[in-house]
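Only one structure is covered here, and it is reproduced in the block below.
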Amino acid sequence: MASHGADTAFLTFSNVKKTYDQQTLVVKDFSLEVARGEFITLLGPSGSGKTTCLMMLAGFEDVTSGEILINGRNITSIPPYRRNIGMVFQQYALFPHMTLRENLAYPLKLRKRPAAEIRARVDEYLALVELQGFAGRYPAQLSGGQRQRVALARALIFAPDIVLMDEPLGALDKKLREQMQFEIKRLHAQLEFTVIYVTHDQTEALTMSDRIAVFNEGVVQQCAPPNVLYERPANLFVADFIGESNKLGGVIEAVEADSVSVRLDDGTRVRTLKANRTTPGAATTVSVRPEKLTFTDRLGAVGNRIQARFVDRHYVGEFIRYHFTTAGGTPLVVKSLNDGSAPHLRAREEVTLAWLPEDSQALDRPAVATTP
Amino acid sequence: MPSRSALLHALTAGEARQAAVVRRRKRLLALAFVLPLLLFILLSFVVPIGSMLWRSLYHPAVAEMIPHTLVELRQWDGQGLPGEPALQRFVEELYALNRERQSGRLAEEFNRAYAGMSSVVKSTARRLGRLDEPALATEGVATLLDSHANWRKPELWRAIERAGRVYTYDYYLTALDLEVDAEQGLRVRQDTQIYLQLYAKTLKLALVITLLCALLGYPLAYYLASLPEHRANLLLVLVLLPFWTSLLVRTTAWIALLQTNGVINTLLTGSGLLDQPLEMLYTSFATVVAMTHILLPFMILPLYSVMRGIDPSYLRAALSLGARPLPAFARIYFPMTLPGLSAGTLLVFIISVGYYITPALVGGTDGQMISNIIAFHMQRSNNWELAAALGSLLLALILLLYWLYDRLVGAGNIRLG
């Protein structure tokens, strides 16, 4: 098993399982192959097992069964201090009794590097995160964003094979968080290290990652590049978790090469892309992104149409959100760019909404229908 | 003319007055809330300590009993015997004291100033008492000088003159094992030197106790801090349990354990490990063991609460950076627990320096500390002035140590939680 990915995969999780209480699995059969220099995000709600996977990789938690390989070598029995993995913690974990220089020099001193080299390297990495002149300060004397940059520099300075980041931006406000996302991406492009990044923030995951593994209840639901994850979610959980989606219940009537026709609960017939529901007669959920629904009928004969009644509209700024309900009572959301084309609607006005078949997918349908 | 907006943004005199009234009212209200505590602290803390400091320097007893003699003695140059008027005044005042049955008090005071004077004063007072008033004026001085050889010694009269001073630092000299000699001035006391030794022993015992508490408390606090919260709370109750049993019970329990035919000796001799029982009770060993037991919670609690606050990710960070567990502990975790260790050390040390009950019960003569000798002077020898001087020196010592601690470690570094 380890051999087949040895030349391509740098880091491999192979059928990893983890239980804390010998009864329930927190991580169920996790497998993932990561190439050198890749930026992988583990995304999921809290308690979905993503942080546990990170901790097993770092060596702070044992693996119940399965293997974790780096460069083809099983590391599960190697103690954390010999794994050569850098880690950025949520609360930074900068040593409060050491100056920035001492914090950054610490891993190098442990590796018995000569003092001159340590000095030069600390200066280099302080410059890298734009904190020249702060070497003598203590962590308490820095702002949140500066501490985050030091934590990053400390995790990178000893040139680790892999850098782990456990919700590193969780403690920052929105503006700083966006700045730091950019900063991390810049460093990643410059130094070409491999990143395993854990977050529950889907926007962060979409903007930063090469690939995202979406976790739920200890199982990876889908592992794919951001655009695939957003545009072709593998199941309803992913469609729901990543971004927003309109969910229309229905039954599959006919199956074609790469599309299916579905009769919706209110009787409307639509055509949509195939996903994980492909048998005629099966219950399905047709998922459409709010920005793909339009008011106009410009889509022509190929477009799907549905009748809906206007409920209210929310002014967000760069776009406007319209809320509708279908005849069957399903809520629908339309996001329209605030570019002057957004219509003014009267209360309870009936409109026709349309979308292209390739902008929707037939996904699984939960046993209990989610009608509000 | 100020602009319109400047007028709008400025405070009018009326508004400023109103704001000041509101602030004053809030301050008064706050003061009313803390007033009971302030009064309590004043009465139970500031006043007693002030009174102790005052009493160690103010000693009017002799001056009140023989005021006129002391006035005359002030004229005397300290060479040879004092003049006739001084002796005559003394004879009259001693005679008066004897008739009021107060000469015993004077005897006690003189005895303190000049050893062996207690019986001399009493017998002289009796002899003078047999004379009548006219005879006192003519034969009084002769009777005095006849009744004991001490009355003819200049050093006795010098001692009486010193003891008669209302404000005196003599008790501090005694507490420091010093005395003033007419020829040599200040010198180390010739007859007995006990107090400096006792201070040194007190500090040594307190240090040993503090060290033991730290050695025993640190691993336990670390273990507690590593447990899940509910289990740690349960075990913490066990740490606190000794607080809820009487101090006397806990100390007496040590007597039962340590005495010659106690539990430990019975076990040791019964199992054949020892032929003779160990003498453990009434030694400084007993003081150290019992006090370590009693003061341990004061070390564990601040350590525990500081360790609880340390995020486990610090140690993890150190491990991920390549540190082995022990160096990571020494370089990262231990320095972060120093505030708790400082607080615990300071608490235990200061409490044990002034501890009284436990050494009194289990310490014997070997395990006595300075507070026991202070209690002795309060209760037995009735020398409150010396007790006050010893107590003030103890206070000064603790303040000095705290100042040193602040210089070396920094008092801002202390954290109780």
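As they're listed, the protein sequences go chains W and Y.
Note that UniProt numbering gives residue 121 to position 121 of the first sequence, counting from 1, and the numbers run on in steps of one.
Note that UniProt numbering gives residue 382 to position 382 of the second sequence, counting from 1, and the numbers run on in steps of one.
Glycine residues also receive a C-beta, built at the ideal position from the N, C-alpha and C atoms.
Beta-carbon proximity check, residue i vs residue j, cutoff 8 Å
i, j, result
"L386(Y)", "Y171(Y)", "yes"
"D166(W)", "T51(W)", "yes"
"G322(Y)", "L110(W)", "yes"
"residue 390(W)", "Q179(W)", "Since the first residue of chain W shown is 1 and the last is 372, residue 390(W) is not available in this structure."
"T245(Y)", "T358(Y)", "no"
"A330(Y)", "A318(Y)", "no"
"G78(Y)", "R158(Y)", "yes"
"P357(W)", "N304(W)", "yes"
"I160(Y)", "A113(Y)", "yes"
"I252(W)", "T284(W)", "yes"
"S313(Y)", "Q91(W)", "yes"
"S287(W)", "S245(W)", "yes"
"V362(Y)", "T287(Y)", "yes"
"M56(W)", "V16(W)", "yes"
"Q181(W)", "L169(W)", "yes"
"D240(W)", "K292(W)", "no"
"C213(Y)", "T283(Y)", "no"
"L303(Y)", "L338(Y)", "no"
"T345(Y)", "T210(Y)", "yes"
Span separating the alpha-carbon of residue i from that of residue j
i, j, result
"S3(W)", "G72(W)", "Note that S3(W) scores a pLDDT of 40, beneath 50, so its modelled location is shaky and nothing firm can be said."
"V334(W)", "N84(W)", "48 Å"
"S305(Y)", "I351(Y)", "20 Å"
"L353(W)", "T203(W)", "27 Å"
"Y195(Y)", "A175(Y)", "6 Å"
"S147(Y)", "N98(Y)", "15 Å"
"L296(Y)", "V348(Y)", "8 Å"
"G309(Y)", "G49(W)", "26 Å"
"D311(Y)", "G410(Y)", "24 Å"
"N261(Y)", "N372(Y)", "26 Å"
"T12(W)", "E38(W)", "13 Å"
"residue 380(W)", "V220(W)", "Chain W is shown from 1 up to 372; residue 380(W) falls before or after that span and cannot be answered."
"A159(W)", "S31(W)", "26 Å"
"I41(Y)", "G104(Y)", "38 Å"
"V26(W)", "G218(W)", "5 Å"
"L128(W)", "L229(W)", "33 Å"
"M336(Y)", "P242(Y)", "28 Å"
"D364(W)", "A151(W)", "42 Å"
"L248(W)", "I306(W)", "10 Å"
"R149(W)", "A282(W)", "51 Å"
"A96(Y)", "A396(Y)", "42 Å"
"A171(W)", "T194(W)", "23 Å"
"A225(Y)", "R231(Y)", "10 Å"
"L227(Y)", "L234(Y)", "10 Å"
"L131(Y)", "S381(Y)", "33 Å"
"E179(Y)", "R23(Y)", "58 Å"
Chain Y contact residues for residue i, given Cβ-Cβ distances below 7 Å
i, result
"R177(W)", "Going along chain Y, no residue has its Cβ under 7 Å from R177(W), so there is no contact; the nearest lies around 20 Å."
"H97(W)", "P335, M336"
"Y81(W)", "L319, G322, A323, R324"
Residue i - containing beta strand (DSSP E), residue span
i, result
"T52(W)", "Premise fails: T52(W) lies in the alpha helix (DSSP H), 50-58, not in any beta strand (DSSP E)."
"A224(W)", "219-224"
"H323(W)", "319-326"
"T272(W)", "269-274"
"V239(Y)", "Looking at the DSSP string, V239(Y) is not in any beta strand (DSSP E); the run it does join, the alpha helix (DSSP H), is 229-244."
Listed by chain order, chain W residues near residue i by CB distance under 7 Å
i, result
"D311(Y)", "Q91, A93"
beta-carbon residue i near the ligand ATP non-hydrogen atom, thresh 7 Å
i, result
"T269(Y)", "Questions concerning the ligand ATP fall outside what the structure shown contains, since it holds no ligand whatsoever."
Neighbour list for residue i in chain Y, Cβ cutoff strictly below 9 Å
i, result
"F158(W)", "L321, G322"
Chain-ordered chain Y contacts of residue i [CB-CB under 8 Å]
i, result
"M87(W)", "R316, A317, S320"
Extent of the continuous alpha helix (DSSP H) to which residue i belongs
i, result
"E84(Y)", "84-99"
"H68(Y)", "67-73"
"W76(Y)", "Run containing W76(Y): none; DSSP gives neither H nor E here."
"S352(Y)", "334-353"
"W403(Y)", "384-408"
"S259(W)", "Element bounds for S259(W): not the alpha helix (DSSP H) but the beta strand (DSSP E), 259-264."
According to a CB-to-CB cut-off of less than 9 Å, which residues of the region 331-343 of chain Y neighbour chain W? Cβ contacts with chain W: R331, I332, P335, M336, L338.
What residues from the region 294-327 of chain Y come within 7 Å of chain W, judged by C-beta to C-beta, listed N to C? Within the region 294-327 of chain Y, contact with chain W at the beta-carbon level (separation under 7 Å) is assigned to D311, S313, Y314, R316, A317, L319, S320, L321, G322, A323, R324.
Pull out every residue of the region 56-68 of chain W whose Cβ sits closer than 8 Å to any Cβ of chain Y, in chain order. Contact residues of the region 56-68 of chain W toward chain Y are A58, G59, F60 (C-beta to C-beta distance below 8 Å).
Along the region 96-123 of chain W, where does the CB come closer than 8 Å to a CB of chain Y? Name the residues. Residues passing the 8 Å Cβ filter: P96, H97, Y106, P107, L110, R111.
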